[in-house]
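Data first, discussion second: the structure below is written as structure tokens.
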Amino acid sequence: MDIRLENVKYTYSPGTPFAYQALQGVSLHIPHGRYVAIIGHTGSGKSTLIQLLNGLLLPTEGTMQVGEFTLPPKKKKGMEKLRQQVGLAFQYPEYQLFEETVRKDVAFGLINMGLPPEMIPGRVDAALRLVGLDPDKYGDKSPFMLSGGQMRRVALAGVLVMNPQVLILDEPTAGLDPAGHHAILDMIARVHREEERTTILVTHSMEDAARYADYLYVMNEGRIWMEGTPHQVFQDPVKIRQAGLELPEITRFIFEFNERVRISGSKIAPLPFDIFDAGMLTNELARRFRRKEGSRG
Amino acid sequence: MSFLNSIPIGQYVPRNSFLHQCDPRSKLLFVFFFIIFIFLANSLYAFLFVAAVSVIGIVMSRIPVIYILRGLKPALWIILLTVVLQIFTNKEGELLFSWRFIEIHEKGLVNAGFVSARIILLMMSASLLTLTTSPIQLTDGLESLFSPLRRFKFPAHELALMMSISLRFIPTLLEETDKIAKAQMSRGASFSSGSIVKRINGIIPLIVPLFVQSFRRAEELAFAMEARGYRGGEGRTKYRQLRYGGRDAMLLIVMIVIAVIVLLLRA
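Respectively, the protein sequence lines represent chains A and B. If you read the first sequence in our numbering, its first letter stands for residue 2, the second for the next number, and so on. If you read the second sequence in our numbering, its first letter stands for residue 98, the second for the next number, and so on.
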């Protein structure tokens with residue numbers, strides 16, 4: 002399912018003293034199957050952009066194409082169909098839980114889709130397993146009895162269960178501890194690989210964007226400020242800082258390392274910028290120093 | 098659907114007018130008595146007079162008329178209902194129109210006019226109060242007005258605090274509702290289509306999370322207040338003290354003049 006935006010603008014409360022233009026002309030093309038990260042500081046228009054993608058907000062100007070849907074639509078009907086194909090998990094999705102049991106809550110989306118009742122339990126349990134919760138152990142508990150991290154998983158299962166073609170996650174790990182943070186993002190990466198869909202991750206964290214996404218969009222003041230693979234985007238630290246963001250720690254290390262090597266006139270080859278993983282960095286460094294040791298002896 | 102677009106009625110509009118600068122207590126009392134006069138006015142001239150006073154008030158507040166008209170919107174249904182009831186059920190006075198069982202009498206029409214004008218004036222003066230007085234001033238004013246009743250164990254401070262907390266959380270709740278509604282819509286919920294039963298059931302996924310969050314927030318707020326040593330209004334001093342001034346004296350004089358004129362014009 003391709004996503005294409007053509008100079009899309011969005012204004013909140015147009016025509017009132019409270020009018021605020023959150024998107025000032027965004028054009029982008031996300032081919033199906035890509036893992037995209039949208040980065041930007043608070044108020045850069047990220048949340049507005051993702052709400053446009055599943056039709057919760059309609060562009061005030063410009064047009065967009067999400068799969069077979071053209072927005073703004075000619076008639077309001079059929080938006081549910083779009084929302085079934087574009088799953089959106091908001092920030093702190095656990096606050097949307099409302100049912101008596103975990104299973105019932107996860108099933109909510111399927112019931113709204115009008116899925117035959119006999120198909121629902123199987124898909125609910127599969128979705129719970131996907132997020133790493135044992136359906137037999139947690140399925141009949143009240144979602145409000147679970148821990149924060151487990152509630153988050155239940156809420157994500159509630160979106161995944163609809164089997165969307167495009168999965169949008171708005172800061173899915175906000176407020177989780179580091180272990181939960183990585184568990185959730187690894188789970189999302191696994192689902193992305195296994196089920197061949199488009200994943201759009203909204204995040205503040207450069208580390209996560211670099212590590213998980215194939216392609217980045219950096220947003221600033223309602224516009225796409227930079228785009229490209231993590232490798233391309235992080236080549237330009239000045240522009241990143243102008244957007245109020247920082248380079249990933251690991252990229253900053255590589256920059257400084259290369260700078261020192263250059264100044265000292267050492268023969269060590271500069272490190273490539275497309276390393277976003279501690280293991281790979283260690284390997285590269287080890288290779289360089291082994292060579293150096295060898296040349297000395 | 099965005100709940101944020103529907104800014105609640107009578108939201109404070111900061112300006113620098115005479116009415117904005119009056120003491121909230123005198124404004125509260127003024128509006129209280131003015132509402133009584135609206136009900137006392139029973140002749141056409143008395144009515145025109147109170148209406149003129151409200152119009153002068155609006156002009157003096159320097160608040161765009163659109164805000165005041167918007168404040169009338171929620172009362173539209175009540176006005177319509179009373180008008181319809183008055184016209185079709187009042188059987189006094191001359192018969193003006195009849196068709197089968199429908200009879201419209203003169204008194205019905207007159208009453209419909211009076212009642213709806215009364216409701217409009219009522220809403221207008223009440224919203225003029227909230228449009229020119231910030232919620233904090235309003236609650237401070239109420240607390241101060243009710244504080245003599247403390248002698249009879251009336252919890253003036255607590256009530257004022259409850260009021261300011263609930264006012265404070267209206268925008269938060271609206272934002273929250275908007276967010277939860279959008280989250281549930283993303284899961285295929287629909288709040289604006291289907292039968293009435295379906296729509297009422299559709300509210301549950303909205304209401305339950307809203308309550309859960311509100312309780313959580315209330316608890317956090319209580320903890321935060323205790324952590325900062327809150328122990329009610331005992332011995333609490335204020336940075337902004339309420340003081341009556343020359344404007345309030347003027348308001349009092351105007352009030353008395355209005356009272357006399359209304360009583361004279363009454364039928």
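Using N, Cα and C, we set each Cβ at its ideal position, and we do this for glycine too.
- In the structure shown, the three-state DSSP call for A/V160 is helix.
- With respect to the 8 Å criterion, B/T179 and B/V212 are classified as neighbours on the basis of their beta carbons.
- Going by C-alpha positions, A/G176 is about 10 Å away from A/R153.
- For A/E208, the secondary structure class from DSSP, reduced to helix, strand or coil, is helix.
- C-alpha of A/A287 to C-alpha of A/F274: approximately 16 Å in a straight line.
- B/F146 and B/D275 have their alpha carbons spaced roughly 43 Å apart.
- By alpha-carbon distance to A/T200, the top candidate from A/I225, A/V262, A/I51 is A/I51.
- Following the DSSP letters along the chain, one finds A/H182 inside the alpha helix (DSSP H) bounded by residues 179-196.
- Scanning chain B for C-beta atoms nearer than 8 Å to the C-beta of A/N55 yields S283, reported in chain order.
- Uninterrupted alpha helix (DSSP H) stretches at least 4 residues long and entirely within the region 237-276 of chain A occur at 238-243, 250-265, given in chain order.
- In the three-state reduction of the DSSP assignment, B/S292 falls in the coil class.
- When the beta-carbon positions are compared, A/D3 and A/Q92 stay at least 8 Å from each other.
- In this structure B/P171 is exposed. Its beta-carbon is surrounded by fewer than 16 other beta-carbon atoms within 10 angstroms.
- When DSSP states are grouped into helix, strand and coil, A/A20 belongs to the coil group.
- For the set A/E250, A/G229, A/P173, A/P165, the Cα lying nearest the Cα of A/A279 is the one of A/E250.
- Under the DSSP definition of a beta bridge, B/E200 partners with B/S195.
- When the five nearest sequence neighbours on each side are left out, the beta carbons in the same chain lying within less than 6 Å of the beta carbon of A/G26 are those of N8, K10, in order along the chain.
- In terms of CA proximity to A/G68, A/G34 leads the group A/A38, A/G34, A/G46, A/T230.
- For B/P302, a Cβ of chain A is located within less than 8 Å of the residue's own Cβ.
- When DSSP states are grouped into helix, strand and coil, B/A278 belongs to the helix group.
- Between the alpha carbons of B/V110 and A/G181 lies a distance of about 45 Å.
- Chain-order list of chain B residues neighbouring A/L72: empty, with the shortest C-beta distance near 15 Å, by a criterion of under 7 Å.
- Separation of A/M163 and A/G223 (C-alpha to C-alpha, rounded to the nearest whole angstrom) is 30 Å.
- Here the C-alpha atom of A/A244 lies approximately 36 Å from the C-alpha atom of B/L303.
- Bounds of the alpha helix (DSSP H) holding A/A127 are 121-131.
- Per DSSP, B/T186 is one residue of the alpha helix (DSSP H) stretching across 173-186.
- Taking the C-beta atoms as reference points, A/L246 is found nearer than 8 Å to A/I40.
- Proximity of A/Q151 to chain B, defined by a Cβ-Cβ separation below 8 Å, is not satisfied.
- By the criterion of at least three beta-carbon pairs nearer than 8 Å, the region 278-295 of chain B is in contact with the region 112-124 of chain A.
- Contact between the region 263-272 of chain A and the region 218-232 of chain A is not established, with fewer than three Cβ pairs separated by less than 8 Å.
- For a Cβ distance threshold of 7 Å, residue set I301, P302, V305, P306 of chain B lies close to A/F99, ordered along the chain.
- In this structure A/G46 is buried. Its beta-carbon is surrounded by 16 or more other beta-carbon atoms within 10 angstroms.
- Residues P232 of the same chain have their beta carbon placed closer than 8 Å to that of B/R265, with the five preceding and five following residues left out of the count.
- Excluding sequence positions up to five before and after B/Q118, its CB lies within less than 7 Å of the CB of R344, all in the same chain and listed in chain order.
- Judged by DSSP secondary structure, A/D171 falls outside any alpha helix (DSSP H) and instead within the beta strand (DSSP E) spanning 167-171.
- Separation of A/L161 and A/V103 (C-alpha to C-alpha, rounded to the nearest whole angstrom) is 14 Å.
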